[in-house]
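Colleague: Let me begin by handing over the structure; questions about it come next.
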Amino acid sequence: GESVGLHLPTLSVQEGDNSIINCAYSNSASDYFIWYKQESGKGPQFIIDIRSNMDKRQGQRVTVLLNKTVKHLSLQIAATQPGDSAVYFCAETPKTSYDKVIFGPGTSLSVIP
Amino acid sequence: DTGVSQDPRHKITKRGQNVTFRCDPISEHNRLYWYRQTLGQGPEFLTYFQNEAQLEKSRLLSDRFSAERPKGSFSTLEIQRTEQGDSAMYLCASSLWAGDVSYNEQFFGPGTRLTVL
């Protein structure tokens with residue numbers, strides 16, 4: 015039958031717990047790595063970014079970790095709230111074009127009250 | 149609301165028809181981007197402008213697609229002779245580029261959902 019779309023990886027967490035969303039990237043020449051949050055019916059919303067010369071960056075309730083050795087990016091959300099329920103995308107920008115944001119596959123986060 | 153706005157929010161058309169979407173960026177932003185997002189996927193870059201100049205186009209942007217930003221403010225994306233495969237969410241984003249060589253945060257609009265019957 016015809017596919018109507020890929021099934022997103024999903025993550026369910028209890029309200030108040032910490033969430034960790036993982037992402038693998040392929041381009042070792044990327045310079046910025048970005049996490050976006052997309053709620054239903056809305057465009058992606060910037061959460062946090064990290065440059066390739068860093069391995070950790072913290073924001074308000076969020077931490078991004080970058081492991082260039084294994085090309086892995088993660089987003090940690092502390093004390094997850096119902097409002098955090100959304101699809102989360104990791105993205106990268108090549109050094110040759112910082113404006114061309116390349117999005118990875120999303121992860122659907124569901125917060126259980 | 150001073151964010152990025154897009155019009156229309158939804159468009160249903162028949163195969164073979166032409167459609168045009170509009171994007172109004174955040175007023176002081178000089179860069180404007182178009183992306184396409186299909187169900188279950190992340191957005192895919194299509195093209196971007198600095199002021200009225202189109203600086204980069206993706207190979208995804210076939211000859212049936214054309215984007216303009218004539219006065220360096222709002223932008224239009226036109227799809228000619230639509231095909232069912234064009235059904236997607238078309239997202240616009242804008243950013244303020246200050247001349248530095250780095251990533252500048254892109255602010256996204258709510259998108260225009262196109263359905264081609």
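Taken in sequence, the protein lines are chains A and B. Read in the numbering used here, the first sequence has 15 at position 1, and its numbers run on one by one without any break. Read in the numbering used here, the second sequence has 181 at position 33, and its numbers run on one by one without any break. Note that the Cβ used here is the ideal one computed from N, Cα and C, for glycine as well. For clarity, every value in this text was computed on a predicted model and none was experimentally measured.
Which chain A residues sit within Cβ distance under 7 Å of B:L239?
Modeller: Here the neighbours are G57.
Colleague: Please report the distance separating the alpha-carbon of A:E16 from that of A:S122.
Modeller: Unreliable placement is indicated for A:E16, whose pLDDT of 37 sits below 50; no coordinate value is reported for it.
Colleague: Strictly by DSSP, which residues pair up with B:T168?
Modeller: The partner list for B:T168 (beta bridge, DSSP) reads B:E226.
Colleague: Kindly list, in the order they appear in chain B, the residues whose Cβ is closer than 9 Å to that of A:Y39.
Modeller: The premise fails here: A:Y39 is roughly 12 Å from chain B at the closest Cβ pair, so nothing lies under 9 Å.
Colleague: Would you decide whether B:V264 is buried or exposed? Buried here means 16 or more other CB atoms lie within 10 Å of its CB.
Modeller: B:V264 is buried by the Cβ-count criterion.
Colleague: Between the C-alpha atoms of A:P58 and A:Q52, what's the straight-line distance to the nearest angstrom?
Modeller: The alpha-carbon atoms of A:P58 and A:Q52 are separated by roughly 4 Å.
Colleague: With 16 other CB atoms within 10 Å as the buried threshold, where does A:A43 fall?
Modeller: By the 10 Å Cβ count, A:A43 comes out exposed.
Colleague: Span of the beta strand (DSSP E) holding B:Y238?
Modeller: First-last of the beta strand (DSSP E) with B:Y238: A236 to S243.
Colleague: Whose C-alpha, out of B:N166, B:L180 and B:G259, is nearest the C-alpha of B:R212?
Modeller: Ranking the options by Cα distance to B:R212, first place goes to B:N166.
Colleague: Residues bridged to B:G220 by DSSP?
Modeller: Per DSSP, none; premise fails for B:G220.
Colleague: So what's A:P108 in DSSP terms, helix, strand or just coil?
Modeller: In the structure shown, A:P108 sits in a strand (DSSP, three-state: E or B).
Colleague: Run through DSSP, which three-state label would A:Q90 get?
Modeller: A:Q90: strand per DSSP, three-state reduction.
Colleague: Check whether the Cβ of A:K85 lies closer than 8 Å to any Cβ atom in chain B.
Modeller: Cβ-Cβ to chain B under 8 Å: no for A:K85.
Colleague: Are the CB atoms of B:L262 and B:D234 within a distance shorter than 8 Å?
Modeller: A contact, by the Cβ cut-off of 8 Å.
Colleague: Looking only at its own chain, which residues have a Cβ that is under 8 Å from the Cβ of A:M68, when we skip the five neighbours before and after it?
Modeller: For A:M68, where only same-chain residues beyond five positions count, the Cβ hits under 8 Å are L80.
Colleague: A:L22 touches chain B at which residues, Cβ-Cβ below 7 Å?
Modeller: Neighbours of A:L22 on chain B, chain order: G188.
Colleague: By the 10 Å Cβ neighbour count, where 16 or more other Cβ atoms means buried, how is A:S26 classified, buried or exposed?
Modeller: Burial call: exposed.
Colleague: Could you give the DSSP three-state label for B:Q154: helix, strand or coil?
Modeller: If DSSP states are grouped into helix, strand and coil, B:Q154 belongs with the strands.
Colleague: Which runs of the beta strand (DSSP E) fall wholly inside the region 163–210 of chain B and span at least 3 residues, in chain order?
Modeller: Counting whole runs of 3 or more residues, the region 163–210 of chain B contains the beta strand (DSSP E) stretches 167–172, 179–185, 192–198 and 201–205.
Colleague: Compare the C-beta of A:G19 with all C-beta atoms of chain B and state if any pair is closer than 8 Å.
Modeller: With a pLDDT of 42 at A:G19, under the threshold of 50, the modelled position of that residue is not reliable, and no figure is offered here.
Colleague: Please check if any C-beta of chain A sits within less than 8 Å of the C-beta of B:Q254.
Modeller: Yes, its Cβ sits closer than 8 Å to a Cβ of chain A.
Colleague: Given this structure, state the Cα-to-Cα distance separating B:G151 from A:T110, to the nearest angstrom.
Modeller: So the two alpha carbons sit approximately 28 Å from each other.
Colleague: Report the CB separation of B:S243 from B:F256 in whole angstroms; it is logged as a contact under 8 Å.
Modeller: Not really, about 10 Å apart at Cβ, beyond 8 Å.
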